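Residue numbers (the numbering used here): 151 to 204.
All C-beta atoms in this analysis are idealised placements derived from N, C-alpha and C, irrespective of residue type, glycine included.
Because the structure is a prediction, the values reported are computed rather than measured.
For reference, the structure discussed in these notes is given below.
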Amino acid sequence: MPIPKLERFTSKGSEEGFALIEERLAKYETEDPNTARYSRVGVNVHINTLMMPV
151 MPIPKLERFT SKGSEEGFAL IEERLAKYET EDPNTARYSR VGVNVHINTL
201 MMPV
């Protein structure tokens with residue numbers, strides 16, 4: 151059985167991933183009139199993405 155090649159994060163891939171997260175957060179921001187709720191979600195997303203293991 152062949153051993154699968156391990157993929158690594160690249161800075162370009164991470165940049166694209168974070169851009170997608172920002173795009174989706176912006177969509178929620180425009181659709182949610184409760185700015186306090188959106189702010190909490192946005193902060194939590196950013197905190198958790200910064201704490202992701204590398």
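Residue j beta carbon less than 7 angstroms from that of residue i
i      : j      : result
Gly163 : Leu175 : no
Glu179 : Tyr188 : yes
Any non-hydrogen atom of the ligand PLP closer than 6 angstroms to residue i Cβ
i      : result
Asp182 : The ligand PLP is absent from the structure shown, which contains no ligands of any kind.
For residue i, the first and last residue of its enclosing alpha helix (DSSP H)
i      : result
Ile171 : Ser161 to Glu181
Asn198 : Thr185 to Leu200
Below-7 angstroms beta-carbon distance, residue i vs any chain D residue
i      : result
Ala169 : Here there is only one protein chain, and chain D is not present.
Rounded Cβ spacing between residue i and residue j (contact assumed at less than 8 angstroms)
i      : j      : result
Ile171 : Thr199 : 7 angstroms
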